[in-house]
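Top to bottom, those sequences are chains A and B.
Per the working numbering, the very first residue in the first sequence carries number 129; after that it's consecutive.
Per the working numbering, the very first residue in the second sequence carries number 129; after that it's consecutive.
We put the CB at the ideal spot given by N, CA and C, even for glycine.
Protein chains: 2
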Amino acid sequence: MPSHSASIFSISTGSTEPIYRQLVSQVQRQVAGGQLAPGDAMPSVRDVARTLALNPLTVSKAYSLLESEGLLQRRRGLGMWVADIGARKGSSATMRAEMLRPTLERAAVEAAQLEIDPKTALSIFAKILKGKR
Amino acid sequence: MPSHSASIFSISTGSTEPIYRQLVSQVQRQVAGGQLAPGDAMPSVRDVARTLALNPLTVSKAYSLLESEGLLQRRRGLGMWVADIGARKGSSATMRAEMLRPTLERAAVEAAQLEIDPKTALSIFAKILKGKR
DNA sequence: TGTAGTGTATTAGTTAGATATAACACTACA
DNA sequence: TGTAGTGTTATATCTAACTAATACACTACA
């Protein structure tokens, strides 16, 4: 049961997406992907706030939402942990694909407005995917 | 020189992205893609506001930004028109690809967090692109 | 027992985005 | 000359998101 540092997060202050929402969706994806496994200790609110230069309450807001979702578990006086309900390790491939969908749908709309044909859009995406690993 | 109706816009109120920014980027893409050609008349502020149930000020804010960017031109008492600086018809393929990049880069990051391999991510995107036309 | 580390509550203030209402200067056209 | 339609300005109000400082109850551990 490893314990994670604040480096599992990376927020962009320039984005219009609220910070607490960025934190929430990052945890959702990393739990679904398995990087955050049941029983793992989450970085403390103060740790994340210090590292990312945020207000502790902003981080706490994200953690609270994740707790009410059932993804995290709170242990009084100790901190937050990845919940092990069902002892699942990550989510099914179809569920994870479903989580990726919205962003790709948005990309498809943008490609259409830009008059970029599907073949070209795919090759751009392929290059990006290649570079990211 | 066609004149466009408010139907060139489609905003999502649920998104965290400000409405006026949604309008701005949609015009940017449609000008780059060529759907909005130099000399075309834009729908009036009041028309867009009425159709999309927005405040005219929100639309005006988007138009003002686009004017300061040089994409639109204002004719006093008449309305806004797609600027014909350089008489460009759309942008080059590389420029349009560049505009699509940010969203696809975000998708790549999400795919990595979801542990979705590049091949699978590409096939999901391909299916979406196929369905969108 | 004391100390440091958990998440959280409280209260207050700031900022950006969006709305509402009214008014202004301008233009085309019957 | 009216009338209706342009974008814009001004003032005020509202909400969500974020920050700031302080304090609380709880836990592990030297």
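Between the Cα of residue i and those of the options, spot the shortest distance and give me the residue it belongs to.
i         : options                                       : result
Leu206(A) : Asp168(A), Ser153(A) and Thr248(A)            : Asp168(A)
Ile256(B) : Tyr191(A), Gln158(A) and Glu226(A)            : Glu226(A)
Pro171(A) : Asp245(A), Ser140(A) and Trp209(A)            : Trp209(A)
Ile213(A) : Ser153(A), Pro146(A) and Val159(A)            : Val159(A)
Glu233(A) : Ile244(B), Arg229(B) and Phe253(B)            : Phe253(B)
Leu194(A) : Gln154(A), Asp175(A) and Ala249(A)            : Gln154(A)
Ser188(B) : Ser138(B), Thr248(B), Thr179(B) and Leu151(B) : Leu151(B)
Pro130(B) : Thr186(B), Leu164(B) and Gly218(B)            : Leu164(B)
Arg178(B) : Ser135(B), Asp245(B), Pro230(B) and Ile244(B) : Ser135(B)
Thr186(A) : Ser219(A), Leu199(A) and Arg174(A)            : Arg174(A)
Gln156(B) : Arg204(B), Ala190(B) and Thr141(B)            : Ala190(B)
Ser133(B) : Gln201(B), Val176(B), Ser251(B) and Arg203(B) : Val176(B)
Arg224(B) : Gly142(A), Pro184(A) and Ala239(A)            : Ala239(A)
So residue i packs on residue j, CB below 8 Å; how close in whole Å?
i         : j         : result
Pro166(B) : Ala211(B) : 7 Å
Gln241(A) : Gly161(B) : 5 Å
Ala236(B) : Leu228(A) : Not confirmed; about 10 Å, so no contact.
Ile244(A) : Leu180(A) : Between Leu180(A) and Ile244(A) the Cβ distance is about 35 Å, and since that is not below 8 Å, they are no contact.
Leu199(B) : Ile147(B) : Not quite, the Cβ-Cβ distance comes to about 18 Å (not below 8 Å), so this is no contact.
Arg202(A) : Thr144(B) : With 8 Å as the limit, Arg202(A) and Thr144(B) do not qualify as a contact, their Cβ atoms being about 26 Å apart.
Thr231(B) : Thr231(A) : 7 Å
Under a CB-based cut-off of 8 Å, is residue i close to chain B?
i         : result
Arg174(A) : no
Leu242(A) : yes
Ile213(A) : no
Leu206(A) : no
Would you say residue i lies against chain A (beta-carbon separation less than 8 Å)?
i         : result
Pro246(B) : yes
Ala165(B) : no
Ala169(B) : no
Leu234(B) : Going by the sequence as given, residue 234(B) is Arg instead of Leu. By this cut-off, Arg234(B) is an interface position.
Leu257(B) : yes
Gly162(B) : yes
Can you list, in chain order, the residues of the region 216 to 230 of chain B whose Cβ is nearer than 8 Å to any Cβ on chain A? Identification of residues in the region 216 to 230 of chain B having a C-beta nearer than 8 Å to some C-beta of chain A yields Gly218, Ala221, Arg224, Ala225, Met227, Leu228 and Arg229, given in sequence order.
Quick one: which residues of the region 133 to 157 of chain B get their C-beta closer than 7 Å to a C-beta of chain A? List them in chain order. Cβ contacts with chain A: Thr144, Glu145, Pro146, Arg149, Gln154 and Arg157.
Short of 8 Å Cβ to Cβ, which residues in the region 190 to 203 of chain A face chain B? When CB distances to chain B are screened at a threshold of 8 Å, not a single residue of the region 190 to 203 of chain A falls below it.
For the region 150 to 228 of chain B, which segments carrying the alpha helix (DSSP H) assignment without a break, of at least 4 residues, lie completely within its bounds, in sequence order? Counting whole runs of 4 or more residues, the region 150 to 228 of chain B contains the alpha helix (DSSP H) stretches 173 to 180 and 184 to 197.
Proximal residues, the region 178 to 190 of chain B versus chain A, C-beta separation under 7 Å: Those would be none; no residue qualifies.
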